[in-house]
Every structure is written in structure tokens, then in C-alpha cells.
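Visitor: Residue 234 in numbering that gives the first Met the number 0 sits at position 235 of the sequence shown, with consecutive numbering throughout.
Cβ coordinates follow ideal geometry from the N, Cα and C atoms, glycine included.
Model, not experiment: these values are computed from the prediction.
Take a look at this one; I'll ask things after.
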Amino acid sequence: MSSSQAFCDFVEKIFYLLSNSSIKKVSLSHLPFHYSENSCVYTWIYTAMDRGLLELRLHAYAYVLLKRESFTSNTLVKLTLSGEYCLEVKHVHFPVLKSLFLVFLELSYTDYHRLLDGCPALEELFVADDDHSNPPCCGAVVKSESLKRLVVSIDLPDSQEDHDSMLLDTPSLLYLDYTSYVFEEHNVLGLDFLVEARLDLSLWESTSDYDDEDVDDDNKEEEEKEEDDDDDDDDDDDEPNMPIFGDVTKLVAGITNITTLHLSADSLEHEEEEEVCCLWTCQVKVLEISDYIGSSPELKQMKHFLGKLKCLESVEVILDSDINDNSELLRDNLLNLPRISQKCNIQFF
Numbered sequence: 000m001s002s003s004q005a006f007c008d009f010v011e012k013i014f015y016l017l018s019n020s021s022i023k024k025v026s027l028s029h030l031p032f033h034y035s036e037n038s039c040v041y042t043w044i045y046t047a048m049d050r051g052l053l054e055l056r057l058h059a060y061a062y063v064l065l066k067r068e069s070f071t072s073n074t075l076v077k078l079t080l081s082g083e084y085c086l087e088v089k090h091v092h093f094p095v096l097k098s099l100f101l102v103f104l105e106l107s108y109t110d111y112h113r114l115l116d117g118c119p120a121l122e123e124l125f126v127a128d129d130d131h132s133n134p135p136c137c138g139a140v141v142k143s144e145s146l147k148r149l150v151v152s153i154d155l156p157d158s159q160e161d162h163d164s165m166l167l168d169t170p171s172l173l174y175l176d177y178t179s180y181v182f183e184e185h186n187v188l189g190l191d192f193l194v195e196a197r198l199d200l201s202l203w204e205s206t207s208d209y210d211d212e213d214v215d216d217d218n219k220e221e222e223e224k225e226e227d228d229d230d231d232d233d234d235d236d237d238e239p240n241m242p243i244f245g246d247v248t249k250l251v252a253g254i255t256n257i258t259t260l261h262l263s264a265d266s267l268e269h270e271e272e273e274e275v276c277c278l279w280t281c282q283v284k285v286l287e288i289s290d291y292i293g294s295s296p297e298l299k300q301m302k303h304f305l306g307k308l309k310c311l312e313s314v315e316v317i318l319d320s321d322i323n324d325n326s327e328l329l330r331d332n333l334l335n336l337p338r339i340s341q342k343c344n345i346q347f348f
């Protein structure tokens, strides 16, 4: 969008000519060169919201503060805020809003939750957070009674100290897609209706660095462990026992009712014993693993899944694109693992 006064005058004239018409959708992407230009942008936004607006998409390439006492609309059903937009309001009320997209925003914790609280009919929330100057906010804590679909992507690889705790309090949730480095604690409440989950949880330090050996079966695992103990005492005594940041036990326990589970290979590196016990009660029928390379931690977790998930019917393993010569070995290793479900079928892609 041009920032010239001529263009602003043009938009003002359009709004004037359409003063008796409703406005269904507004999409505004702009780069303000001066704070005074924001005033006309505010006028366009609030005028459209008073004209029966259904969808509003706002993106700014430089800082724009939406600041006012009340931010309301009785007709808006979809709202997207992205880029350098910042929201600072005392009252939010979107009674029929169904979809909310928050992408790379600078929102305070208070304003973010005031926004969620003002959307009592919200069904879909998408959050993307990669602002390396701020700790995770929108994706770290999600509370909504009505939310049915949640997609969160947090990419803050330099902020481990800020990943102390996350919370999902979403009792109506049906679908969860969560991508992030692990938090020290993952707390979930009321996910009884969740049927499908897609998890991509990366460790801050991969456990694959501690074990480069591939395991074919239980006997080989024991033999190789003994050989490693003889050959590399220092490595085996020290590195494998290093504490791993992050505990996903509560998250796994909270999603036991799901029937479809998608996991990245990174997510397979978690090895909590409590997590394994939770698998006994999982109702998962379809399990999808992406970017699989067949490392020892990955194979160990696959052994747990195949040995504990009683309802499992289909396992779809997407091999990492860099796997070439070892693909047959990886397939054989998985196919030879015992399966508690007689219906379980493993496919490779």
C-alpha cells in the first residue's frame, strides 16, 4: 500500500461513496512512514467494523499500535493480525468471531488474554511466534472454553530460559497442532474431546548425540551396549546421563483419547518412563511419523508405541529425505519389532 496522502484521500473517498453500503471483507497491508498516517488507518478499520464487517486482515511492516478503550464488532467472524501490529485495548467483544490468526505479533500477556476472553464463540486459533526479542506468549498459554482447533508454531531457539511452562486449558478442543522446542513443563486440562494431534516437539539438545548405534533387536541392543561400555567408557558413563530439559509426561497423559497421532522424528526422542505407561490407555488407531532416520532413541520409542498401543491399526512412516543406503535396514528394524495390535500395518513413504 502506498503511504502517499493522495492514496489516503482516495481510500477516504471510497469509504464516503460506500457510506450506505455494508463492507464484508477488509485486507490491509502497509508500511507506515509516520505515526500521523496511522490515524487514517484507524478510521478505515473502525468504519469498516461498523458496516457489518465479516473478515478483517491487518498486516504492518512497521510498528502500528491499535490502542483504544473498546475493540468490538457484532458481525466479525474472522480476524488476522500479523507483522508489527500491537494491540492495546481495555475491552474486547467479538461475540460471533470464529477464527483468530495471530502471526508474529508483539502482544503483552494481558492484552492477548483480553483478546481471547472477548471471543466467547471462538473455534479456531492459529498462533505463530518467532520474535526472538520476546519470550513466547500467545502459544505458551491458551485458555478457551469454545476452541475446537488449535495450531501453534513457536520458533525461539535462543530462549530456552523462557520455556519454563506451557498450559492448554481448552475443554472443547478436537484438533491440536503444536510445534515448539520443549517446555520444562507441559500442562494440559480437559482435552477429553481431542481426536487428532500433530506434535513436533524438539529437544534443546538431541539425544541422538549420545548414541550413534542403530539397534536391530533386543539381543543386539544388549551386545552393543556391552561393547560400547568396553570401548567408550567415558562417553557411556557421562553423556547419556546428562539431564534433559523438558517433561512431556503430562501432555501425553492428557491426549490419551485421540485416535490419530502425527509425530515428528524429533518428538520421538523423549524417553520418560511415565510417558510410556500412559500409552496403555491411548486409543490411537493411526500413527504417522515424519522425517524418520532410525536413530536409537527413535527406534526405542517406536518399540514402545508398537508394544503399548492396543488399538493401533495403521503406522505411516515417512523416511527422512537424506536416507538412501540404509532405508532397507530401517524398514527391517521397524518391521521386526513386536506389535501388541494384530491389526497394526506399517507403511513407508
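(1) On the DSSP bridge assignment, give the partners of I153 in chain order.
(2) Taking all protein chains shown into account, do 16 or more other C-beta atoms lie within 10 angstroms of the C-beta of I288, making it buried, or fewer, making it exposed?
(3) What residues in its chain sit with their C-beta under 6 angstroms from that of M165, if we drop five residues either side in the sequence?
(4) Under 7 angstroms Cβ to Cβ from S266, same chain only, skipping five residues before and after it: list those, please.
(5) Among the residues of its own chain, which have a CB less than 7 angstroms from the CB of I254, if the five just before and after it don't count?
(6) Start and end of the alpha helix (DSSP H) containing T109?
(7) Taking Cβ positions, are L155 and L124 nearer each other than 8 angstroms?
(8) Can the beta-carbon of T169 be found closer than 8 angstroms to that of S152?
(9) Considering only residues of the region 6–55, which uninterrupted beta strand (DSSP E) runs meet the minimum length of 3 residues and lie entirely inside it, listed in chain order?
(10) Tell me which residues share the same chain as L250 and place their Cβ nearer than 7 angstroms to its Cβ, disregarding the 5 neighbours each side in the sequence.
(11) Can you find the residues in the same chain that come closer than 7 angstroms, C-beta to C-beta, to I292, ignoring five residues on each side of it along the sequence?
(12) Could you check the C-alpha separation between K309 and H303 for me, to the nearest Å?
(13) Taking the alpha carbon of G51 as the point to measure from, which residue in K24, Y60, S38 has its own alpha carbon closest?
(14) Grab me the residues of V141's own chain with a C-beta within less than 8 angstroms of its C-beta, minus the 5 sequence neighbours each way, in chain order.
(15) Return the residue from the list L334, L329, E312 that minimises the CA-CA distance to S340.
(16) Taking the beta strand (DSSP E) that V140 belongs to, which residues open and close that run?
(17) How big is the Cα-Cα spacing for R330 and H90?
(18) Tell me the rounded alpha-carbon separation between M301 and N332.
(19) Are the beta-carbon atoms of V63 and C85 separated by less than 8 angstroms?
(20) Is E68 near K97, with beta carbons less than 8 angstroms apart?
(21) Can you give me the C-alpha to C-alpha distance between D232 and L260, rounded to a whole angstrom?
(22) Using a Cβ-Cβ cut-off of 7 angstroms (strictly less than) and excluding sequence neighbours within five positions of G117, which residues of its own chain qualify?
(23) Here's the rule I'm using: 16 or more other beta-carbon atoms within 10 Å means buried, otherwise exposed. How should D128 be labelled?
(24) In its own chain, which residues sit with a C-beta less than 7 angstroms from the C-beta of F14, not counting the 5 before and 5 after it?
Guide: So, from the listed chains and residues:
(1) D128
(2) buried
(3) The residues A139, F182, H185, in chain order, have a CB closer than 6 angstroms to that of M165 in the same chain once the five nearest residues on each side in sequence are set aside.
(4) Cβ neighbours of S266 within its own chain (closer than 7 angstroms, five residues either side excluded): L198, D199, L200.
(5) L190, L193, A196
(6) 108–116 is the span of the alpha helix (DSSP H), which, as asked, contains T109.
(7) With respect to L124, L155 sits apart: the two C-beta atoms are not nearer than 8 angstroms.
(8) no
(9) 24–29
(10) Cβ neighbours of L250 beyond the five flanking positions: H185, V187.
(11) Only A264, D319, I322 meet the Cβ criterion.
(12) 11 angstroms
(13) Comparing Cα-Cα distances from G51 to each of K24, Y60, S38, the minimum goes to K24.
(14) Taking C-beta separations shorter than 8 angstroms and ignoring five residues to either side along the sequence, the partners of V141 in its chain run L115, L124, V126, L149, V151, L166, L167, D168, T169, following chain order.
(15) E312
(16) 140–142
(17) 56 angstroms
(18) 10 angstroms
(19) yes
(20) no
(21) Residue placement at D232 is flagged as unreliable, the pLDDT there being 47, under the threshold of 50; the coordinate-derived value follows with that caveat. Using only the alpha carbons, I get a separation of about 38 angstroms.
(22) V91, H92, F93
(23) buried
(24) In the same chain as F14, and ignoring 5 residues on each side of it, the C-beta atoms closer than 7 angstroms to its own belong to W43, T46, in chain order.
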